[in-house]
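Undergrad: Each residue of the sequence shown is one higher than the one before, counting from 1365 in the working numbering. Glycine residues also receive a C-beta, built at the ideal position from the N, C-alpha and C atoms. Just so you know, these numbers come straight off a predicted model, no measurement behind them.
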Amino acid sequence: MSQTSFEIRQAAVVGAGTMGRGIVMCLANAGVTVQWVDNNPQMLEQALAAVADTYAHNVRQGRIEQAEADVRLARITSAADCIAIRNVDLVIEAVYENLELKQKLFRELDGLLKPEALLASNTSALDIDAIAAATRRPAQVLGLHFFSPAHIMKLLEIVRGAQTSPAVLEAALALGTRMGKVSVVSGNCHGFIGNRMLHPYVLEARKMLLEGAYPQQVDAALQGFGFAMGPFRMYDVVGIDLEWRARELAGKGQDAPEIQVDNRLCELGRFGQKSGSGYYRYEPGSRQAEHDPEVDALVLEVSERLGFHRRVIGPEEILERCLLALVNEGAKILQEGIAGSAHDIDLVYLNGYGFPADKGGPMAWADSQGLADIHQRLLALETRQGDQWKPARLIGELAAQGKGFADD
Ligand code: NAD
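#1: Going by CA-CA distance only, name the one from V1548, L1574 and T1441 that's closest to E1665.
#2: If you reduce the DSSP assignment to three classes, tell me which class A1484 lands in.
#3: Could you give the distance in angstroms between the alpha-carbon of T1368 and the alpha-carbon of F1596?
#4: Could you pull the start and end residues of the beta strand (DSSP E) that I1440 belongs to?
#5: My guess is that R1570 and E1622 are in contact by the Cβ rule of under 8 angstroms, so how many angstroms apart are they, rounded?
#6: Run the proximity test for T1382: is its beta-carbon closer than 6 angstroms to any non-hydrogen atom belonging to ligand 1?
#7: If we count the other Cβ atoms within 10 Å of its Cβ and call it buried at 16 or more, is Q1580 buried or exposed?
#8: Does any heavy atom of ligand 1 sit closer than 6 angstroms to the C-beta of A1422?
#9: Taking the alpha-carbon positions, what's the V1548 to H1673 distance?
#10: Taking the C-alpha atoms as reference points, what is the distance between F1470 and G1558?
#11: Note down, in chain order, each residue of its chain lying with its Cβ closer than 8 angstroms to the Cβ of I1677, except the 5 sequence neighbours on either side.
#12: Please state whether the Cβ-Cβ distance between L1773 and A1661 is less than 7 angstroms.
#13: Give the DSSP bridge partners of E1457, in chain order.
#14: Using CA coordinates, which residue listed in L1483, D1453 and V1452 is at the minimum distance from Q1467?
#15: Please list the terminal residues of the continuous alpha helix (DSSP H) segment that includes E1622.
#16: Pick from A1438, L1586, Q1733 and I1516: whose alpha carbon is nearest that of Q1399?
#17: Quick one: grab the DSSP three-state call for E1429.
#18: A1444: which of E1521, A1614, L1629 and M1407 sits nearest, CA to CA?
#19: Once the 5 residues before and after F1589 are set aside, which same chain residues still bring their CB inside 7 angstroms of it?
#20: Pull up the distance between the alpha-carbon of A1567 and that of N1451, whole angstroms please.
#21: Spatial neighbours of A1392 within its chain, please: CB distance less than 6 angstroms, with the 5 preceding and 5 following residues excluded, ordered by chain position.
#22: Is any heavy atom of ligand 1 found at a distance shorter than 6 angstroms from the C-beta of M1389?
#23: Would you kindly work out how many angstroms separate the C-alpha atoms of G1603 and S1641, rounded to a whole number?
#24: By a C-beta neighbour count over all protein chains shown, 10 Å radius and 16 as the cutoff for buried, is A1689 buried or exposed?
#25: What did DSSP end up calling R1500 once you bin it into helix, strand or coil?
#26: Decide yes or no for the touch test of the segment 1521-1536 against the segment 1367-1386: beta carbon pairs closer than 8 angstroms, at least 3 of them.
#27: Would you call L1735 buried or exposed, if buried means 16 or more other Cβ atoms sit within 10 Å of its Cβ?
#28: Please determine whether the Cβ atom of T1487 lies at a distance below 6 angstroms from any heavy atom of ligand 1.
#29: If the criterion is Cβ atoms closer than 7 angstroms, does the pair Y1713 and G1725 meet it?
#30: Taking one C-beta from the segment 1694-1710 and one from the segment 1742-1761 each time, how about it: are there three or more such pairs within less than 8 angstroms?
#31: Fully enclosed by the segment 1515-1575, which alpha helix (DSSP H) runs are 4 residues long or longer?
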């Protein structure tokens, strides 16, 4: 199939929740007409009103002219069901994060859409190949992972399935450029580049709460390094309950020690900013995170109940563990070919995760430290804390040659 057949003039978005709303605006702002489907008509109506409000707000702020707002809004139409969107060039799916649901939808869309249409999922972590396998066009299935809020965040992870064709990736990259995104191609693995690296980083932060630190201290150390927000402030923004509910839905255990603080907060209805309290408390209508001694008491209670002997954890240790967890996972992502280059990983962290720009991203930061030094520091952590710190093979290899990730 020729590359030009993947030109995207008309798109559809399925799902009118948090992500669907931002994605629809990204497309409309880039001049693409969008048909919008949700199986909950009320949700769709609210979403259309929310998009109109956002454009009206942009006009009041002087960011766009009224005429431009009108043109953008006119590009967005609601569609009653998937049959109505059968002529589009691309569908971006943003329904609930559930593999069976997404597979069912992709199977249905595959049967309806013209043969050259592309099918993309905005999944945060699910297996793109498993979704593609539900269709007869796996070469035209890919992930388009937007970040929340999608119309504002610059990063777009373009997820390449095992069978996604190069021409399809080209079309996705071209669309990313039209939408003004920083696009990074990622291989298919759980969490892709960004969320896969986030996992061990957050795990360290959570472990340190049990060992002796408090949320505010962990966040202060990372914000002191230059992160836009520390991990616990970030969870308050994202919603602490999302992972809690996902574990519940997937029938995963809720017993791991490091999630016990999250679980207690969720049981108390402290879901983050949206509920007025989470790791921090928020005055009504404010997004200012205020220290909450009740959370410190809760952290203390949970860690003592689990039998931890708390100790003082200083900012150096917080930085060391969180940053090296990021770098080591980044190195594994690189050696597995999930990311094309260390620079791509840095782009993901700079544009999607608030990594300090002046440090150049986690991999550039590691290079600035010297990989021989990073290797030694990981070995020291491995000796003290165990196997999870075993340095990625690539770090040892590059260190031995006196090279950095940028030379790989
Ligand atoms: P959401 O719960 O806000 O919205 C989901 C929408 O999908 C709802 O409006 C629902 O009515 C609709 N829906 C469900 N089943 C449907 C079906 N069969 N047909 C049509 N519509 C259907 O969810 P969200 O936060 O927007 O997340 C959507 C996807 O984006 C998920 O896969 C999620 O993992 C991913 N994602 C979320 C974020 C985030 O920060 N929220 C970030 C990146 C990616």
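TA: In brief:
#1: Here residue 1665 is taken as the residue at index 301 of the sequence shown, counted from 1. Among V1548, L1574 and T1441, the Cα nearest to that of E1665 belongs to L1574.
#2: Position 120 of the sequence shown, counted from the first residue, corresponds to residue 1484. It is a strand residue.
#3: For the purposes of this step, residue 1368 is taken as the residue at position 4 of the sequence shown. For the purposes of this step, residue 1596 is taken as the residue at position 232 of the sequence shown. Bear in mind that the predicted position of T1368 carries a pLDDT of just 46, short of 50, making it too unreliable to give a figure here.
#4: Counting from 1 along the sequence shown, the entry for residue 1440 is found at position 76. Where I1440 is concerned, the enclosing beta strand (DSSP E) stretches over I1440 to S1442.
#5: As a working mapping, residue 1570 is identified with position 206 in the sequence shown. As a working mapping, residue 1622 is identified with position 258 in the sequence shown. The pair is a contact, with the Cβ atoms about 4 angstroms apart (cut-off 8 angstroms).
#6: Counting from 1 along the sequence shown, the entry for residue 1382 is found at position 18. When distances are taken from the beta-carbon of T1382 to the heavy atoms of ligand 1, the shortest one is below 6 angstroms.
#7: For the purposes of this step, residue 1580 is identified with residue 216 of the sequence shown, where counting begins at 1. Around the C-beta of Q1580, 16 or more other C-beta atoms lie within 10 Å, and the residue is accordingly described as buried.
#8: As a first step, residue 1422 must be located in the sequence shown, where it is residue number 58. Note on residue identity: the sequence assigns Asn, not Ala, to residue 1422. With a cut-off of 6 angstroms, the C-beta of N1422 is classified as distant from ligand 1, since no heavy atom of the ligand falls inside that distance.
#9: For the purposes of this step, residue 1548 is identified with residue 184 of the sequence shown, where counting begins at 1. For the purposes of this step, residue 1673 is identified with residue 309 of the sequence shown, where counting begins at 1. Approximately 43 angstroms, taken between the alpha carbons.
#10: Along the sequence shown, read from residue 1 onward, the residue named residue 1470 stands at position 106. Along the sequence shown, read from residue 1 onward, the residue named residue 1558 stands at position 194. Looking at the two C-alpha atoms, the distance is approximately 24 angstroms.
#11: As a first step, residue 1677 must be located in the sequence shown, where it is residue number 313. For I1677, where only same-chain residues beyond five positions count, the Cβ hits under 8 angstroms are M1572, E1575, G1576, A1577 and Q1581.
#12: Nothing about residue 1773 can be reported from this structure: the residues present for the chain run from 1365 to 1772 only.
#13: Against the sequence shown, residue 1457 aligns to sequence position 93. In the DSSP assignment, E1457 forms a beta bridge with V1378 and S1485.
#14: Translated into the one-based positions of the sequence shown, residue 1467 becomes position 103. Here the closest residue by C-alpha is L1483.
#15: For the purposes of this step, residue 1622 is identified with residue 258 of the sequence shown, where counting begins at 1. Element bounds for E1622: n/a, residue is neither H nor E.
#16: Locating residue 1399 in the sequence shown gives position 35, where the first residue counts as 1. Measuring from the Cα of Q1399, the nearest candidate turns out to be A1438.
#17: As a working mapping, residue 1429 is identified with position 65 in the sequence shown. It is coil, neither helix nor strand.
#18: Walking along the sequence shown from the start, residue 1444 turns up at place 80. Ranking the options by Cα distance to A1444, first place goes to M1407.
#19: Position 225 of the sequence shown holds residue 1589. Answer for F1589: L1683 and P1720, listed in chain order.
#20: Walking along the sequence shown from the start, residue 1567 turns up at place 203. Walking along the sequence shown from the start, residue 1451 turns up at place 87. Inspection of the sequence shows that residue 1567 is occupied by Leu rather than by Ala. CA-to-CA, the gap between L1567 and N1451 works out to about 45 angstroms.
#21: Taking the sequence shown and counting its residues from 1, one reaches residue 1392 at position 28. Same-chain partners within the cutoff: V1398, R1436, R1439 and I1440.
#22: Locating residue 1389 in the sequence shown gives position 25, where the first residue counts as 1. False, no ligand heavy atom lies under 6 angstroms from that Cβ.
#23: The residue you call residue 1603 lines up with position 239 of the sequence shown. The residue you call residue 1641 lines up with position 277 of the sequence shown. In this structure, the CA atom of G1603 is about 10 angstroms from the CA atom of S1641.
#24: Position 325 of the sequence shown, counting from 1, holds the residue named residue 1689. So A1689 counts as buried.
#25: The residue you call residue 1500 lines up with position 136 of the sequence shown. Coil, per DSSP.
#26: In this structure the segment 1521-1536 lies against the segment 1367-1386, because at least three pairs of beta carbons, one per stretch, are closer than 8 angstroms.
#27: Start at 1 with the first residue of the sequence shown, and residue 1735 comes out as number 371. A buried status is given to L1735, since no fewer than 16 other beta-carbon atoms sit within 10 Å of its beta-carbon.
#28: Locating residue 1487 in the sequence shown gives position 123, where the first residue counts as 1. Remark: the C-beta of T1487 is in contact range of ligand 1, defined as less than 6 angstroms to any heavy atom.
#29: Sequence index remark: in the sequence shown, residue 1713 carries index 349 (1-based). Sequence index remark: in the sequence shown, residue 1725 carries index 361 (1-based). Taking 7 angstroms as the Cβ cut-off, Y1713 and G1725 qualify as a contacting pair.
#30: Per the Cβ contact rule, the segment 1694-1710 is in contact with the segment 1742-1761 (3 or more Cβ pairs under 8 angstroms).
#31: DSSP runs (the alpha helix (DSSP H)) wholly in the segment 1515-1575: 1530-1542 and 1558-1575.
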